[in-house]
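Heads up: the protein sequence lines correspond to chains P and H, in order.
When you line the first sequence up against this note's numbering, it's residues 17 to 312, in that order.
When you line the second sequence up against this note's numbering, it's residues 227 to 546, in that order.
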Amino acid sequence: MTAHVVNVLVSGVFHAAILFLVAAGLQVVFGVQKIFNLACGSFYALGAYVGVSAVQAFVDGGGAPALFIVPLVAGGLVAGLIGVVVERGLLRFIYDRDEAFQLLLTFAVVLMLEDLIRMTWGTAPTSTSGLYLVYGQVRLLGATVPTYNLIVIGASVVIAAGIGWLLTRTAFGRIVRAAAENREMAEALGVDMRSVYVRVFTLGSVLGTLGGALVIPSTAAMSEMGVELIVEAFAVVVIGGLGSMRGALAGALVVGVLRAAAIAVFPALEMLLIYLIVIGVLVLRPSGLFGKAVTA
Amino acid sequence: MRGSVAVGLALALGLALALPLIAPIYHVTLMLPFMAYGIALLGLNLLFGYAGLVSFGHALFLGIGAYAGAFLTTHTPVRSLEVILLTAMLAAALVAALVGALCVRYVKIYFGMLTLAFGMLFYTFVLKFYHLTGGDEGMRFLRPTLLGQPLSDMSKTAYLVGPYYYYSLALLVLATALMWRIVHSPFGLCLRTVRDNPLKAESLGLSVPRYRWHAFVVSAIYAAAGGVLLATPTGNVDPTLAYWTHSGSLVFMTLLGGFASFFGPLLGALVFIYLQDTVMSVFPYWRLVFGAILAVLVIFAPTGLAGLVDRALSARTARR
């Protein structure tokens, strides 16, 4: 029984760790630029594919399998540069438009990236075959857990702490928070919003692509993984509260663990349960667990 | 200006009536999804264009329409398209009354998110409740009778490009005329007031949530009728009909035609269907092309094709 619970918990927290990264990317962009970026799921898919290719090239080139995590993370980070292209090429034209148009523009990015991925990597799923268990498994309270899952959970905690440090302890973080609070005032005080926006959006996209790269040893990369993940990330930020980092962490844990529990106990419930919670939160407390009050 | 619109409409209707006689069958069958989407988008634009609310979950109501038809034709002896349409519209109205009552309390991004969540709830429901809905394989939608005529001895193509085509066209004309009445009624005017200045509307004694709620229910009824018409020709319904990307495509079509114009959504549906077909026949990655088109539209022409036509027309009158 304990073994079963531990298994469900670890897989739930592993999923939560990945979800947190993507949702954190969504939150930082929403917090500063007030854009709900539907494309963050597509960034996640792109990161996964680039991660697979990087690892394959590394292993084919004679790299030690145990070091596969190096090209994986590097691939995820490099893929994040797509954010610069999207922000400079598209988003910067529509900051003063209605939210509906901003949402639609990110939907355009979803469509384009989905096909760009199909054009580059084909339609068949690709994976890093057999590297998932290269670090072995550990026994935890009677359950056997892949060590890789624990590494990712640890990495996600470190990244969460890193974001916290970046936002609260550095000059860039202070500027970002000032810009999120009051854009005009920050601009009047001499903050170059152009550079803040491109850096914030790139930070958001790097978190998404890194999440995609890290998930990849445990599952295959598929072209639909982006549009599927975005609705989960969406659930995370609604539950946690739009724009809040602590909310992303809490929401990711709720969604990740509940989903794993639902799959284990009553598979038909899976995402149904999550959407019911999302609707409940939106109706009863639209600001989420950690968000600011919403004015309708 | 008004006269030229009337002439244009008469020409378009005449062309639509003559199409099965003069055009290749293939083009006639492409008109079927256009007419189905056309009806759904007229409803969607009551929300988007006239009430200023962008729904990212409207595929929910197309899905309800399509699944209502599939359920009736496979699990009950009902075959009459009229009964199917009425049932679908009633089901959608009931669901929309509940969902809408919650959604219209919010605007902008929160309205979009709540509608998206409800759409995905329905999607997950049809995906998971396999024994009732067929799961990801979907359900068959058997050929319905039209106005009591069984028409079962006709070949599928003859049925679709003949009676079914004219049935859809009649419904589209009816739906358009009705929507024209709605948006030009006092209700339509109040809805625009609510969109442009909710505070002022409230102080004039209009109940803002109630107007939004009514618009939501009407748009859902339109979407359900569109969903039935969309599913009949394919003969099969599956959960992707209710997926959030389908909702996104509906908003895309409306924007393509022009949400600020009454006929914009119809133009958008027509161009979307034909362009998608053309692009897919030469290049398999239609999403890439359409994503680029959507990006260009949002950035440079947010009023869509109808807006571009308007601008060209007024530029010509100005030069005269």
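Glycine included, every Cβ here is placed at the ideal spot set by N, Cα and C.
- By the 16-neighbour rule on beta-carbons within 10 angstroms, MET479/H is buried.
- Only MET339, LEU340, LEU342, ALA343, PHE344, MET346, LEU347, THR350 from the segment 339–350 of chain H bring a Cβ to less than 8 Å from some Cβ of chain P.
- Around the C-beta of ALA236/H, fewer than 16 other C-beta atoms lie within 10 Å, and the residue is accordingly described as exposed.
- Boundaries of the beta strand (DSSP E) around VAL154/P: 153–156.
- Within chain H, the residues whose beta carbon sits less than 7 Å from that of VAL294/P are ALA343, listed in sequence order.
- DSSP, read as helix, strand or coil, puts SER303/P in coil.
- In the pairwise beta carbon analysis, the segment 46–63 of chain P is classified as touching the segment 222–240 of chain P: at least three pairs are separated by under 8 Å.
- Any Cβ of chain P closer than 9 Å to the Cβ of VAL233/H would place that residue at the interface, and such an atom is absent.
- Its Cα nearest to that of VAL126/P, the residue ILE246/P stands out among ARG185/P, LEU157/P, ILE246/P.
- Within chain P, no C-beta atom comes nearer than 7 Å to that of LYS426/H; the closest sits roughly 16 Å away.
- Between THR341/H and LEU417/H, the CB-CB gap reaches or exceeds 9 Å.
- Excluding five sequence positions before and after ALA82/P, the CB atoms of its chain that fall closer than 8 Å to its own CB belong to VAL150, TYR151, given in chain order.
- Restricting attention to alpha helix (DSSP H) runs no shorter than 4 residues, the segment 324–410 of chain H encloses them at 334–354, 356–359, 382–385, 391–409, ordered along the chain.
- In this structure PHE442/H is in contact with GLY326/H, their Cβ atoms being roughly 4 Å apart against a cut-off of 8 Å.
- At least one CB of chain P lies nearer than 9 Å to the CB of LYS354/H.
- PRO510, TYR511, TRP512, ARG513, LEU514, VAL515, PHE516, GLY517, ALA518, ILE519, LEU520, ALA521, VAL522, LEU523, VAL524, ILE525, PHE526, PRO528: these are the residues of the segment 502–536 of chain H whose beta carbon lies less than 9 Å from some beta carbon of chain P, given in chain order.
- Inter-segment contact for the segment 293–313 of chain H and the segment 369–377 of chain H is present: three or more beta-carbon pairs are separated by less than 8 Å.
- Proximity of the segment 191–204 of chain P to the segment 41–49 of chain P meets the contact definition, three or more beta-carbon pairs being nearer than 8 Å.
- ASN165/P carries a helical assignment under DSSP once its states are collapsed to helix, strand and coil.
- Cβ-Cβ separation between TRP470/H and GLY283/H: approximately 7 Å, consistent with a contact (criterion under 8 Å).
- Taking a Cβ-Cβ cut-off of 7 Å, the neighbours of VAL477/H in chain P comprise LEU120, given in sequence order.
- Around the CB of ALA55/P, 16 or more other CB atoms lie within 10 Å, so the residue is classed as buried.
- For ILE110/P, the C-beta contacts it makes with chain H under 7 Å involve VAL524, ILE525, in order along the chain.
- Listed in chain order, the alpha helix (DSSP H) runs fully inside the segment 457–524 of chain H are 470–483, 490–508, counting runs of at least 4 residues.
- Per DSSP, the continuous alpha helix (DSSP H) segment holding THR122/P begins and ends at 115–137.
- ALA70/P places its beta carbon less than 9 Å from that of GLY91/P.
- Within the model, the alpha-carbon separation for LEU183/P versus PHE344/H is close to 34 Å.
- In the DSSP assignment, ASN23/P falls within the unbroken alpha helix (DSSP H) covering 18–49.
- For the 9 Å CB-CB criterion, PHE30/P and GLY272/P form a contact.
- Excluding the 5 residues flanking it on each side, VAL515/H has same chain C-beta neighbours closer than 6 Å at VAL505, in chain order.
- Distance check between ALA39/P and each of GLN118/P, VAL299/P, GLY256/P, MET287/P places GLY256/P closest, using alpha-carbon atoms only.
- For the segment 115–147 of chain P, the residues whose beta carbon sits under 9 Å from a beta carbon of chain H are, in order, GLU115, ALA116, PHE117, GLN118, LEU119, LEU120, LEU121, PHE123, ALA124, VAL125, VAL126, LEU127, MET128, LEU129, GLU130, ASP131, LEU132, ARG134, MET135.
- Listed by position along chain H, the residues whose Cβ is nearer than 7 Å to that of PRO302/P are TYR332, TYR336.
- Membership of GLU240/P in any alpha helix (DSSP H) is not indicated, and neither H nor E is assigned to it by DSSP.
- SER260/P carries a coil assignment under DSSP once its states are collapsed to helix, strand and coil.
- Proximity to ASN23/P across SER145/P, LEU132/P, PRO162/P peaks at PRO162/P, based on C-alpha coordinates.
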